[in-house]
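Counted from 1, the sequence shown has number 12 at position 12 by the numbering used here; the numbering is strictly sequential. Beta carbons: idealized from backbone N, C-alpha and C, even for Gly.
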Amino acid sequence: MKLIKIGSIAGSHGLKGHFKVLPQTEHAEIFFDLEFLLVGRNERIIHSFEIDDLKVNKNNFIMKCSEINDIDSAKRLSGLSIYISSRMLENYMSDDECLASDFIGADVFTVEGDYVGKVIELYDNGSNELFAIKSDDGKEYLISNNEIHVPEIDVKNKKIIIDSAGLVSEDL
1 MKLIKIGSIA GSHGLKGHFK VLPQTEHAEI FFDLEFLLVG RNERIIHSFE IDDLKVNKNN
61 FIMKCSEIND IDSAKRLSGL SIYISSRMLE NYMSDDECLA SDFIGADVFT VEGDYVGKVI
121 ELYDNGSNEL FAIKSDDGKE YLISNNEIHV PEIDVKNKKI IIDSAGLVSE DL
């Protein structure tokens, strides 16, 4: 089963075991369909909790799980990630959407046709996404995923076309 991170636990809320959840998905409505909360680190599940309550609070959620009944237990969850199976998330996605993990391993070429390397990671810095690319000679690059720097993405064939003017590297 492929796990997708959809949020993180930001800390406790109150004295009775409630905690803050920061959604990290465009489909935050998925939280209302969850019966169990899978929490962990680095795509490794540490624990599963039955969800008792979920409320919207500004740009995040306040959640309560059955086994978490005091502030100390809630504090111990702080910093953990929340995961779901990729199949569950796919039910919320439109046909033109894809998962960030779909880009990992994609071949990257310049608009002139020169091979740059493979995508090794996708970072979301809040305002946009960044592709991390590793060339065959081991150099690593970053490029902002926008229409100017990345004019073409072919997810099906795992191929990305970039404008090399947008590449950033420590070596440049």
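Continuous beta strand (DSSP E) stretch holding residue i: start and end
i: E152; result: 152 to 154
i: I71; result: I71 -> not in any beta strand (DSSP E); alpha helix (DSSP H) instead, spanning 71 to 76.
i: E50; result: 44 to 57
i: F36; result: 36 to 41
i: K159; result: 159 to 162
i: N60; result: 60 to 65
i: F19; result: 18 to 23
i: S169; result: Careful: S169 lies outside any beta strand (DSSP E) and carries neither H nor E.
i: E140; result: 140 to 144
i: A10; result: 3 to 13
Helix, strand or coil at residue i according to DSSP, with G and I counted as helix
i: I82; result: strand
i: D113; result: Checking the displayed sequence, the identity of residue 113 turns out to be Gly instead of Asp. Three-state result, G113: coil.
i: L89; result: helix
i: K29; result: With the sequence shown as reference, residue 29 is identified as Glu, and Lys is not the correct amino acid for it. DSSP places E29 in helix when its eight states are reduced to three.
i: A132; result: strand
i: D107; result: strand
Cα-Cα separation, residue i to residue j
i: D107; j: M93; result: 24 Å
i: I9; j: I84; result: 14 Å
i: D72; j: T25; result: 27 Å
i: L38; j: H47; result: 6 Å
i: I133; j: G113; result: 16 Å
i: K58; j: D137; result: 46 Å
i: V168; j: E140; result: 9 Å
i: N146; j: V111; result: 14 Å
i: K75; j: I148; result: 43 Å
i: L54; j: C65; result: 9 Å
Residue i, buried or exposed, once every other Cβ within 10 Å from all chains shown has been counted against 16
i: S12; result: buried
i: A165; result: exposed
i: H18; result: buried
i: G117; result: buried
i: G7; result: buried
i: F103; result: buried
i: I82; result: buried
i: L15; result: exposed
i: K2; result: exposed
i: K20; result: buried
Contact belief for residue i with residue j at Cβ below 8 Å, rounded distance in angstroms
i: N69; j: L22; result: Contact doesn't hold; Cβ gap of about 22 Å is too wide.
i: F49; j: F36; result: 7 Å
i: L89; j: I4; result: 5 Å
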